[in-house]
Structures are given as structure tokens and as C-alpha cells.
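Shown next, in C-alpha cells, is the structure this report addresses.
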Amino acid sequence: MSFYSPVRTNAAEVAKSDRLHLFKYVEDPQQANIDTFVAHGGYVAWRKALTSMKPDEVREEVKNAGLRGRGGAGFPTGIKWGFIPQASTKPRYLVCNADESEPGTCKDRVIMERDPHAMLEGMAVASFAIGCHLMFVYIRGEFGHCIDVVNRAVEEGYAQGYFGKNIFDTGYDLDVIVHSGGGAYICGEETALLNSLEGHKGMSRIRPPFPAVEGLYACPTIVNNVESLASVPHIINRGSDWYKSLGTEKSCGSKIFSLSGHVKQPGNYEVELGYNLKDFIYSPEYGGGILGDKKLKGVIPGGSSTPFLKPEDIDVGLDYESLTTVGSMLGSGAVIVFHEDTCIVWTIMKLIHFYRHESCGKCTPCREGTGWLERMITAIEHGRGRPGDVEKIESVCENIMGRTICPLGDAAVMPIQSAIKNWRDEWQYHIDHGKCQVKTNTEFV
Amino acid sequence: MADAVENKKNIAEGVPTVTLTIDGRETTVPKGTTVLMAARGLGIHIPTFCWHPKLKPMGSCRMCYVEIEKMPKLQVSCALEAMDGMVVLTDSDLVKRGRRAIIEFILMNHPLDCPTCDKGGECDLQDQTFAHGVDDSRFDFQKYRFTEGTEGSTFDDLRIGPEIVLNRNRCILCYKCVRANKEAFGEYDLGAYERGNIMEIHRAPGRQVDNPFSGNLVEICPVGALTNTDWRYKIRVWLTQTTSSICPFSSSGVNTLLYKDDHQQKIFRTTSRPNDDIDDGWLADVTRYGYQIATSPDRLQTPLIKKDGQQVPATWKEALEIINKRLNEIKDKKGRVCIGGIVSPSLDNATLHSFSKLIRVTLGSNNIDYRTQYRMLPKEPENVYDAMSARSFKISDIDDSDVIVAFGSDLVKEHPNEYLRIRKACNFHSASVYSVNPYRVKSADVARREMIYKVGTEEVFLNGLCLAAIEAGMAEGGDLKEKISPSTAAEAAAICGVDAEHLKELAAAMANGRKVTFIAGELVSRSRERLCISSALANLTRLLGLENKGQVSILPHYANSFGAGKLGLLPQPPEGIRNALTELWGAWPEAEPLTTDGMLINMKKEEVNGCIALGCNPVMLYPDREFARESLEKLDFLLVADLYETETTGLADVVLPLASWAEYDGRYINLEGRVQRANRALKPRFESKPGYEIVEAIAEQIGDKLYESSDQCEQEISRLVESSNVQPLPDKYFDVRPAEEESDEEYPIALFVGDDPHHSGHLTEKANSLFNFCGEAYIEMSSELAKKLDLKEGDSARVESKVGKIIVPVRISTTINNDVVFIPRNFSSTTVTALLMRKKRTDRVKISKVVN
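Just so you know, the sequences run in chain order Z and S. Residues 484 to 928 in this note's numbering are what the first sequence spells out, letter by letter. Residues 1385 to 2236 in this note's numbering are what the second sequence spells out, letter by letter.
Here's what the structure looks like:
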């Protein structure tokens, strides 16, 4: 029995562990069926929350558990739920952000494909916590298979009475709408996602008002990542104290990391936050070392939008705080590894091409800046660089950083800034010699 | 500190405020004000591209950066709400660097083709590059160039509408045009396509940018990406002079600025002169391009006199002598009363007032009327109607009304400016808008509820509202219930063909509304039953106390309709005005007063033998063409003054060339009663003369000079304008018994005749640009009706009524969805008024396909 997207996971380890939980049944081909899911203890948290808890108790529990958003920003989920203006009489909406498109990240896809009910259960609990009766799943359009699986799961959920009218005879109604994205990276940004969901062009909105106050159809809306929501039922089932005991003091719980690049065993691995990055790359359970036993050149620890780490910095915990101290970010948890034969200019060229292509075009610095950066970096890579180009790139990056409406501008320039900081000599070599210092580019996976 | 105290004084009491410091100066502003506006209040200019005072902030150009203490990043001031204790720096080094970077980014792909760009000299990007940019570019790649669809054009220009040319290379993507189109005008013919740095502004696929507000898009474009054809390549802006003027085509008195060249004696364009009390800086296209009627070479050049059945050019002296002679002949033959005077309500106060004096004092007649397009004007004065159409009304009061009712009015066609106000109230203050019409109209797109009543049941609908309010206990009806029929709201709803619940909903909204604006339009004022409808409206107003918490008005239609009413250009003006005029002139003619209708009837009976028509075209616009033509043909003497040769001038014995509003200083009274001035931009073209000069010349020729100086006339006018106040509504309910609506098996389809959205009155077809938008009449109908009649878009349809028939092309309506049709009346090539009968309430026609 194989999966639609065969990805290596550490499900076996998770099954044995008392602490890891998200990937417990992820290798079970039947897990996407509601009966198997329920047999594995599914929808217990939903029943518990709805029948024996009050919404603010659920909110309090998640807040105490210290769950932080897994989409990239790391904002505490429980606190976000509390931002909904309680006096507002408008309908409230929950939107599950399943527009996973950060390069290197593929954790949400595995959850949706193999354990969709985990996400749906989390959404249901979250909806109850914020008083929402209509929740949306905004799935990346390219994830055709995920959309099929989630749609089927939603149907099953309706058929068995987990969604719909008068759930568990409590009088609570909850409907689910599955929406397929139109294919834009920016729609992973919550306000652009809401625009897209409303049928507008995927362009981020200016904040404030924040979505929690004025989101979808100008109503209070909470947007949460798939993984954040999938963690919620576990918190409800096992209590916030248990969840808090996982991970580090400030980064609680466990997280799925997508390991890719020049490693022997790329895959999705659930580990507790704070796990050592170096161990993660080299441990035989996870990365298993660098491909071809070459030397490590650098690591992007949190998806392509986060700054590079040099080999000397990777002895660091995979959690929000530790990565900040070494100048990077946890982001969406996509660890991308580069070995010594990688040309950093080529890598950055590929990245900036992506960001230029995905810039929505709303605000000037990102729209024009990414285009300019792409052309300068491509020129350098192709041997047409000129003295002073690196400084010019740095200056343009500075003019984009922190000046845009949404974080896409920042995301585009952070890896560039760190690549120049860490490997300036390599850039200079490109400009001086019109060619690359390292041997080959083709092994980029 | 002084600033803060000073500003605080201007803020209404009870409004929560915040105090912040901008560039070291403290200021207090109402809560919710943006930092940008707070700075402007202090006179600190923050540069912007994408910000527009009447649109919601978008924050996309990033030009308006400010630095705020304790915030690590630069903030965009256009979208940032001012908070208590904020310390804002608008000119720090960081801010300057940020702005410089933005200018650099924007100029990266901007072609810098200023020498060939029409925006040069008034371009925001030019100005701000000089002020905030650097003189060198670090961008050393080829600029991106949009060429798709521009084959054959030198500068990659692309025509996207009848009057708009787009150059995507110059566009800096501020999105103001797209946002204004969508937010302010509710139009979707322009959009932003693609994404990132190849994003382009473009018309919607398969569409033209031809909405009735499209000219504004050009005006608000900060660069030369959108230009309009009337201005392109004609002149440089620094070679022009400007003249403040107002729009002569609508009753709002929209403020405009005419760009002209004194040497060439030519106007090149009209732009807005933003006046937040009236227009918010938006112009309808008819206002923007209408100036072309003044500059067209087809204008009447000299007076014409009829010799042997032919009109031949003559001098003013000849013409005036003939006028004198012929008027004397009539006087000698019949006495003075057999002269009539009809006048256009688009003319200025001085013309109207001196015309009134000419007719009443010099010629001793009471036959004077400015209502040339209304049917069946009764002999006795229509007090209720006059009162209801001259209520105190403020355009800016629409903004904060929470309930707005548009009744019997296709607002986009009749009152575009008020439509934009209603949209604004809806966008910014979530007003509940109700649109009540006999067919679906475009302006109902913002309506919470649109109600379609059966053709010709206006008064039943209003009665139904009264009844619904009484039945629901929302108001004390007194004896109203006995005075109106039908007797229940449900019955009224059934007659009107609307849902009784909706009727109740509207009544409740009006009864409970905090501030209600009720606008009635041309379908009321042009109806034969206007008296009955206005009585019903007066009842409703009194019942719900609407005037205590808002405003109700039947809006006048023409630039100076309100003024004409105030100056007493009616056969029987209201008592107060009549007394004031008698006092001023020392006499009031004894003769029997005749309305336009009465005059036309008596002309036909040859009891009125002479007529002076000033600036109006009754043959084309009177709602019974044959009747008007036959009547005027019977005249012994017809004098017409107009800008162009029209169907009416064709019947005249003497035709005088009239100067357009741009050629003399004139004052006009808008629908609020606000007196506004349109200044002289050009010398009168050819031999034309302003209306008041023509009137004075005629009077002088007759030997009875009206005024020693123009000041004397102005003084009389100001006394009249000051003296006549809003008439109070009588403290009683009126009887409103709706007549049975006649129907006709043979002619089943109701016909509505009105203005095209791009035209107004009988002259605008002479404006090239407006002609390009729409140059011929059409019949607008629903797709269902077209299907029933086997007609397609563009087919020729034969439209027949009992009295006439015309052939017009079919246009499938995007709004109308019931069995009514609309034909514009602005085109002399189509004699649509030939289908109308003055005695009918509803015009009915039958339509068939013309088979070639």
C-alpha cells in the first residue's frame, strides 16, 4: 500500500512515544477513513469540547498550552482566538490556511492527505472556541489529491454527524466549506487568502483592521494553519499541562519539520520543539547526514523565507527563540540543507525568481524590488555582474525590508541578505571571474 | 500646543479625540483620523500617489511613509490611525531615504517620456521626483515595455474606451482608477490583470471603458497612463489658463474648472474643482466633455431671418428691427396678451429674470414658463408640487443619512452626482438604500432592497407606505386613512405589484431611521399625475415626520430649474414671489396666465400669435412632438434663440445666436438653493450674445429699456432670492385618490423616455466626445423581452404608438428586466417624442422587428 505522495516520516517512533502525537497514525493507509480515525480515538476531543466545555474554557486551555502558530509567524494560537471582539454580533468565521506553498515545506500536505480528520477535528474545536458556525478550508489549488481527500472526509464527517446541524444533540451547528486556491504563494498570507476566498484577487490587505476584527466578508475571522489546528484536539484530550511539558519553556509542543535538500533521508519528521538542528540533520533516524558525505555548506531552518545558517551555527535548538538568537527563524519548519558544492548565487537566483514571480504587485517595493533583484542576481550568476553590484543588492534589500504591506517582501530579501553576509567572497568571485567557485549546481534536490 | 487647542475648537462636542505630535507640533483630531489627515490639518504635506481623499486607503504606493517613535519600521500614514501620544516624524532621514527608495522603484520601469507625455507639467510623479527623488538611476537594465495590443502605435498607446487612451508603460500601479471605478462609481469595466511587476491596468475582457464617470479615471491618474482624447497632444498644460465654472447640465451645480487658451479662444478640457459640499471632486462625463458644445464650429454664427420661406443670415440690427416690427403688428392686431415666452431652465439668473420682465412688463403678458418638457400642466398653480420640488435639501446631508430612498428616478441618468453621494453613504457609513422604480436601474446596485412597482402606480405606492406605517403602529394617521385609497397596505401592494412585506420594511426603515433622505426624480416630475404623486409624498412626509429628521425633495432637473422657480418664471408664481415681483416692477399684467401647455393649445387655436423661445427646443423635447410642431407652425411670429440650429429654430421667423454658459458671467441656483457663479472663459463665439443681452436688445428696440445697468438686474435678483423661502407644507393631509391606470391591448409595452447617461438635453449630441460615447438613439430592453420579440442586440426595431412610429436599433439592457423599454431623447436624428401623447400618463408602444 503506497501513498499518493510517498514521504518518509517518523511515524513508527511517534507511535511508541508518549510525547509525540501528530504523526502517530500517519503511516496507516486507512487513517483517512473516518471509522479508522474514530477507532484511533478521533473526534473525542470534539465531543468533549462540545458537550462538556465552554468556549472560553477551550480558549483558555489552548492558551495555557502555549500552542504557537505553525504557519510561520509563531503567534500564540489561544491569544489570537481571544482577539475576536466579543461584543460583535456579526457572524464569525474560521479559516484553515491549507495553502501550503513555502518552498521546502510539505508538512500540511501529509496531514491533509493521510489524516484529514485530525485537521477537521481541530477546526471544529477551534470553531466552537470562537463561536463560529461556518468554517472554511482554503487548500492550495495544486494539491488536487488533498482536496479530494479532504472533501471526502468532510462528507464522512457530515454523514456521521460530526458536522452539520445539531451536533451531538447540543444544538450547535457547524458547516464546512472546502475551497481550492487559484495558485498563488501570496494566498498563504492570511489577508490575501481572505481576499482570494471572497473571490477577489489574491492581494494582501492593509492592517489594521486585523482579520480577527474584520476578516472574511468584513466579519471577525480566525485564520489558522493546518498543523496548529491538528494539534488542538491533543491539547483538549490530554490537557494543557501535558502539552506545555513538551518542547522548551517558551516553544511548547512538538512540530513537524520538513527536511529537504542535500541530506540522505529527506522527509517529514515530528520532533519536540527545541530538538538540536545538528542532530536532526545527522541523526540516522532523521536526516542521516549529508548526501555523498560531503561537507555542509549551509542550512535554511524554516522555509525559503528565513535566513541561512552557517555550519558553525547549526548546533542550536529547533525552536522559536533559539533560532532567533543565531539570526534565523523557525518559520514553517522546512529545513533545507545545502552541501559544499552548492553555488550560493545560483541558489539565491532560484529563490528570487520564485519571489519575483509570486509578488502580488500591490505595493511598490516588493513589486519593483523583486524584479530588480532578480535581474541583478541573474546577471551575476550568468557572469555579467559588475563591481558594486553586491552593494547595490544589499541597498535594494534594505529598501524592501520592513517596507511592504505583507511579509512577502521581507521573505524575499532575508535569504539574500544572509547569503551575502555569510558568503560575500563567493558573490565577489562571481563578479570578478564571471563564473562559479564551486563545482556543480545540478545536485540541488 | 496652540495648534492642538485651535484644532480642538473645530471638533464637534462629544466626538472622541486623540492628541498626537507631528514634527514637534501637537494636534488634536477626532478618533479615527489617519496620521496623513492629521498632518494635513497642520499644513504638513506628506507626498502620496495611491491615496485619494474620497477612496478607502490602500497603502500600496508606500510614498506616504512616516517614522513613528517606538515603531521600528516606517509606517504608511495614509492608512495608519492616529493614536493618543503618537510622536510622528514626517521628514526624518529615515523617511527621506524611504521616499527616495520608492521614487527609485517607481521610476525603474517608468519610460520617462515626459516630452511626449500629456501629463507633463501637472504630473504627480514629476513633482515628487523633483521633491523627493534622486537625479540618477541605479537601474541599468532595459525597462519593461508593454506592447501587447498596441501594434501600430508610436508610444505603446492603447485605446480602452471611446475617450480614454491607456499607456501601461507609464502606469505606476497606484490602482486609483480601478478603485474609484469600483468603489465610487460601481463600475467594473477596468481592472488590474496579471501580478507582480508585469501587472497591468486594462479594460475588462470584451469591454470598453465607457461608463458615465469614466473621465474621472483620467483626472485622478497621477501620471500619464490614462489620458483622454480631447486633451491629448492639443496643448501643454502650462500654456492654458483656467476659469472656474459650473456644470450647466445638471441641477447639482457641480463645480468645474475650464482649461482654455485665450489666444486661440478655445476650451481644451474640463476638470473638477472639488467642492465637498456638492461634488466631492467627481464629474459625470456629460459635465466633463459638455464644454465641447461651446467650441463646436457648427454653432449658429449670425442671426437668421426668414425671407420667402428661407432662413437667411442677417445682421443683429436687421433682426431686431424685424422683431420689433412683427411684435408691434401682433400687438396692433390682437393686443398684448397673445405673446408667449418659453425659456430653458439651464440659463442663468440674469437672463431668466430679464426675460421675465420683458414678457411681463414690456409685452404685458403672463404667458411665461420654463417647463417645456412636462405634459398636461394644469391651469391652476400646482402648489403642493411646487412646494415638494423646492424643499430645503443639502447634497452633503446624504452622506450621513442612514436611510436613503430613491423614488421614481434613474439616478445615473438624472442626478449622477447624487448617485455618487449615495454610494459614498453606503460605502463609508453603511446607509440603507432603497430604490423604488418602475424598472430596474443601475443606481440600485447599492440598494438594500430594490422595489419595482407597476408602471403608473407611484401614488398608490406612496399611499401604501403611509398605510403600512399606520397599520404597523409606526405613526398616528389621523384622518389620513379616509383621504386615501386603497384602504390597506396589502391592497396597495397588490396594485403596485410589490411584496407587502417589502412595503412594510421600507415604511419601518423610514419611520425608524435616524436621518432619512428621500429623493424623487423625473418619473414624478414629468408624470401627468405629478400633483397627485406630490400630494401623496407630502402626506408621507407629514405622517413620518421626515422633514424633522432628514430631507424630502422632488429634485429639479436642470442647472437653474430651482432658480427659475425662485425667480417666478411660472405663469402663476407662488404668492410671495408674485408680490415681490409686483413690488419691484410696480405692475403685474392683467392677462390670463398660460402654461407651456396652455400656450401651445392657444397657438393651435391661433389665440396666441407670437412666441419667444429662449434656449429651448420644444419640438424635440415636448412630450408630444406633432402637437408642439403644429402649434408652433400656426404662429404669426416665432423668435428662437439657441446655440445651434434645431428643429425649433427651423420653424422660426427670426433665429438669434445665443452665447453658451462659458461665454459670459452667469449665476445659477442649484437644487440646494445655492447661488453659484460660472465665469466667462471665452468671448461669445461668432456673433452670439448672452441671453440677457438679447433680451435687453429686444426691449430696447421696442423702446422700453429694462435696466439702466446690469447691477440693477442683479439687485432685483438678489432681493427675490433672499425673500422667497422654503414654503411650509400645509398642516393637513391631502386627498389622494389614484386614477385607474388605462391599459391598451394593442400597445402593450410601456415606454420611458429620458436622458442617455452620457447626455443631457438637446445640445450635448453636438459635443464630439459625448457623441463618441453614444451618437444615436437606441431602444433599451430586457433580454427576455427581446427574445419574445425575436430581437437581438443591434437589430432594428420598429416602435409604434397610436400617434407615431420610429425605427431604432435594439440595445439589450444590463438592468431592465421587465416589459418596459427606454429610448433616449437627446438625439435629433430620432424623433422619439413623436411616439408620445401629451394626455396619456403612460406611453405605450408596440415593437416589431424590421426585416430587411
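Don't be surprised by glycine CBs; every beta carbon is placed ideally from N, CA and C.
Distance between residue j and residue i (C-alpha atoms, nearest Å)
i	j	result
proline 767 (chain Z)	glycine 1580 (chain S)	43 Å
isoleucine 783 (chain Z)	serine 1521 (chain S)	34 Å
aspartate 724 (chain Z)	alanine 548 (chain Z)	6 Å
tyrosine 2076 (chain S)	arginine 2051 (chain S)	12 Å
histidine 913 (chain Z)	leucine 856 (chain Z)	16 Å
tyrosine 641 (chain Z)	glycine 647 (chain Z)	6 Å
serine 1728 (chain S)	leucine 1927 (chain S)	36 Å
tryptophan 1435 (chain S)	serine 2213 (chain S)	44 Å
tyrosine 526 (chain Z)	alanine 601 (chain Z)	8 Å
threonine 1840 (chain S)	asparagine 1986 (chain S)	Note that residue 1840 (chain S) is glycine in the sequence shown, not threonine. C-alpha separation (whole angstroms): 29 Å.
leucine 505 (chain Z)	threonine 492 (chain Z)	11 Å
cysteine 702 (chain Z)	threonine 572 (chain Z)	9 Å
asparagine 2054 (chain S)	serine 1444 (chain S)	38 Å
isoleucine 719 (chain Z)	isoleucine 899 (chain Z)	41 Å
alanine 1568 (chain S)	aspartate 1497 (chain S)	31 Å
serine 1730 (chain S)	glycine 1949 (chain S)	12 Å
tyrosine 1559 (chain S)	glycine 654 (chain Z)	46 Å
glutamate 1766 (chain S)	tryptophan 1972 (chain S)	20 Å
leucine 1887 (chain S)	arginine 1824 (chain S)	17 Å
glycine 1608 (chain S)	methionine 2165 (chain S)	38 Å
Distance between beta carbons of residue j and residue i, contact taken as under 8 Å
i	j	result
isoleucine 2190 (chain S)	alanine 2170 (chain S)	So it is not a contact: roughly 17 Å between Cβ atoms.
glutamate 2071 (chain S)	threonine 1686 (chain S)	5 Å
histidine 1941 (chain S)	glutamate 1906 (chain S)	6 Å
glycine 1724 (chain S)	cysteine 1995 (chain S)	5 Å
phenylalanine 791 (chain Z)	alanine 902 (chain Z)	6 Å
histidine 2146 (chain S)	cysteine 2158 (chain S)	14 Å between Cβ atoms; not a contact.
aspartate 1614 (chain S)	serine 2153 (chain S)	5 Å
alanine 2238 (chain S)	valine 2204 (chain S)	Since the first residue shown for chain S is 1385 and the last is 2236, residue 2238 (chain S) is missing from the structure and cannot be characterised.
alanine 636 (chain Z)	leucine 603 (chain Z)	6 Å
cysteine 1631 (chain S)	arginine 1554 (chain S)	With a Cβ gap of about 29 Å, cysteine 1631 (chain S) and arginine 1554 (chain S) do not count as contacting.
proline 586 (chain Z)	glycine 786 (chain Z)	7 Å
N- and C-terminal bounds of the beta strand (DSSP E) containing residue i
i	result
histidine 1436 (chain S)	That residue, histidine 1436 (chain S), is in no beta strand (DSSP E); it is neither H nor E in DSSP.
leucine 1711 (chain S)	No beta strand (DSSP E) contains leucine 1711 (chain S), which is instead part of the alpha helix (DSSP H) from 1700-1718.
serine 1476 (chain S)	Counting along the chain, serine 1476 (chain S) falls outside any beta strand (DSSP E), and DSSP gives it neither H nor E.
proline 1414 (chain S)	1409-1414
leucine 533 (chain Z)	From DSSP, leucine 533 (chain Z) is part of no beta strand (DSSP E) but of the alpha helix (DSSP H) over 527-535.
methionine 618 (chain Z)	617-622
Extent of the continuous alpha helix (DSSP H) run through residue i
i	result
aspartate 2037 (chain S)	First-last for aspartate 2037 (chain S): undefined, no H or E at that position.
alanine 434 (chain Z)	Residue 434 (chain Z) falls outside the range modelled here, since chain Z spans only 484 to 928, and no answer is possible.
tyrosine 1572 (chain S)	Per DSSP, tyrosine 1572 (chain S) belongs to no alpha helix (DSSP H) and is neither H nor E.
> Which residues, in chain order, does the region 1450-1468 of chain S contribute to contact with chain Z at a C-beta distance below 8 Å?
Replying inline: Of all residues in the region 1450-1468 of chain S, Pro1456, Lys1457, Leu1458, Val1460, Ala1463, Glu1465 have a Cβ within less than 8 Å of some Cβ in chain Z.
>> Please identify, using Cβ separations under 8 Å, the residues of the region 831-842 of chain Z that lie next to chain S, in order along the chain.
In response: Arg839, His840, Glu841, Ser842: these are the residues of the region 831-842 of chain Z whose beta carbon lies less than 8 Å from some beta carbon of chain S, given in chain order.
> Closer than 7 Å, Cβ to any Cβ of chain S: which residues of the region 869-892 of chain Z, in chain order?
Replying inline: Correct list: Lys875, Asn882, Gly885, Arg886, Ile888.
> Unbroken alpha helix (DSSP H) runs of length 4 or more, entirely within the region 1874-1960 of chain S: which are they?
Replying inline: Counting only runs of 4 or more, we get 1884-1896, 1906-1909, 1914-1928, 1945-1950.
> What residues in the region 513-533 of chain Z bring their beta carbon closer than 7 Å to a beta carbon of chain S?
Replying inline: If the cut-off is 7 Å between Cβ atoms, the region 513-533 of chain Z has nothing near chain S.
> Taking a cut of 7 Å between CB atoms, which residues from the region 1552-1569 of chain S lie near chain Z?
Replying inline: Within the region 1552-1569 of chain S, the residues whose Cβ lies closer than 7 Å to some Cβ of chain Z are Leu1557, listed in chain order.
> Which residues, in chain order, does the region 553-582 of chain Z contribute to contact with chain S at a C-beta distance below 9 Å?
Replying inline: Against chain S - using a Cβ distance shorter than 9 Å - the region 553-582 of chain Z contributes no residues.
>> To test your reading of the DSSP string, which unbroken beta strand (DSSP E) runs of 3 or more residues are found completely within the region 663-728 of chain Z?
In response: Restricting attention to beta strand (DSSP E) runs no shorter than 3 residues, the region 663-728 of chain Z encloses them at 704-708, ordered along the chain.
> In chain order, which continuous runs of the alpha helix (DSSP H) of length 4 or greater are located wholly inside the region 1478-1524 of chain S?
Replying inline: Residue ranges of uninterrupted alpha helix (DSSP H) with 4 or more members, entirely inside the region 1478-1524 of chain S and ordered along the chain, are 1508-1516.
> In the region 1978-2022 of chain S, which residue ranges form an unbroken beta strand (DSSP E) of at least 3 residues, counting only runs that do not cross its ends?
Replying inline: The region 1978-2022 of chain S contains these whole beta strand (DSSP E) runs: 1994-1998.
>> Which runs of the alpha helix (DSSP H) at least 4 residues long sit entirely within the region 2148-2224 of chain S? Give them in chain order.
In response: Complete alpha helix (DSSP H) runs here, min 4: 2152-2157, 2167-2172.
> Using a Cβ cut-off of 8 Å, which residues of the region 843-854 of chain Z contact any Cβ in chain S, in chain order?
Replying inline: So the close ones are Cys843, Gly844, Lys845, Cys846, Thr847, Pro848, Arg850, Glu851, Gly852, Thr853, Gly854.
> If you measure beta-carbon to beta-carbon, which residues of the region 1437-1450 of chain S are closer than 9 Å to chain Z?
Replying inline: Under the 9 Å Cβ criterion, the region 1437-1450 of chain S contributes Pro1441, Met1442, Gly1443, Ser1444, Cys1445, Arg1446, Met1447, Tyr1449.
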